[in-house]
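Asker: Sharing a structure here in structure tokens format.
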């Protein structure tokens, strides 16, 4: 059983398109996240979300929006894709701020390429 | 503001030798500290964490890390390196009672030479 699963694994799309990446966790965690890993392998938080609060990193363009239909899912919608959006996007989840067993659990990533 | 420094972009070590990957952090209050490993074209795998208690934390694959509050460090160590340990290692910190975001260092690429 995959703990945090993301789909698709690879996504190639043209500039200007709108796309979504889905994420599901079956760990019963209370918080989910989206991270972006750029070409230099830097990892940066984009969003964190629990059933009470959405926290947005202020550097994230408003073309990016998280959508959470329930506690186990946090999807990432991206409008008007730009070349600079090309990166690997990781979904993650945690319980109690990472103090639970296993800390933060990450999905395997979605490699987005904008052409 | 939180920050994590991994001063070495690259660490090379001979197989069988001890390895150390350095990490220092800056965060207000008492932090939660983590190490993750990333193999090529893979996701991030949890190695170990410090939450509270004993400063020496033991994790997966024989890795351990020591929390040093006075030096604000959390170096990753292993007594005997394996070629299969070659990967990208990330130190990370989250703030207790804060937004719970995990803030990463820039990563250190470990190469174990046979």
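Residue numbers (the numbering used here), protein chains in the order written: chain A, 3 to 117; chain B, 3 to 116.
Yeah, the Cβ is synthetic: ideal placement off N, Cα and C, and Gly gets one too.
(1) So with CB distances below 7 angstroms, who are the chain B contacts of residue 105/A?
(2) Identify the continuous beta strand (DSSP E) that holds residue 54/B and give its terminal residues.
(3) Taking residue 68/A as the reference, give the member of 29/A, 95/A, 22/A with the closest Cα.
(4) From the beta carbon of residue 43/A, is the nearest beta carbon of chain B less than 7 angstroms away?
(5) Strictly below 9 angstroms CB to CB, what residues from chain A border residue 110/B?
(6) What's the C-alpha gap between residue 61/B and residue 13/B?
(7) Starting from the Cα of residue 77/B, find the closest Cα among 40/B, 63/B, 58/B, 42/B and give me that residue.
(8) Would you please verify whether the beta carbon of residue 18/B is less than 7 angstroms from any beta carbon of chain A?
(9) Interface residues of chain B around residue 92/A at Cβ under 8 angstroms?
(10) Does chain A have any CB closer than 7 angstroms to the CB of residue 103/B?
(11) Tell me, please, which residues DSSP counts as bridged to residue 80/B.
(12) Alpha carbon to alpha carbon, how far is residue 115/B from residue 21/B? Give it in angstroms, no decimals.
(13) Report yes if the CB atom of residue 12/A is closer than 7 angstroms to the CB atom of residue 104/B, and no otherwise.
Answerer: Taking the geometry as given:
(1) 36, 48, 51
(2) Careful: residue 54/B lies outside any beta strand (DSSP E) and carries neither H nor E.
(3) 22/A
(4) yes
(5) The premise fails here: residue 110/B is roughly 10 angstroms from chain A at the closest Cβ pair, so nothing lies under 9 angstroms.
(6) 20 angstroms
(7) 58/B
(8) no
(9) 45, 46
(10) yes
(11) 21/B
(12) 12 angstroms
(13) no
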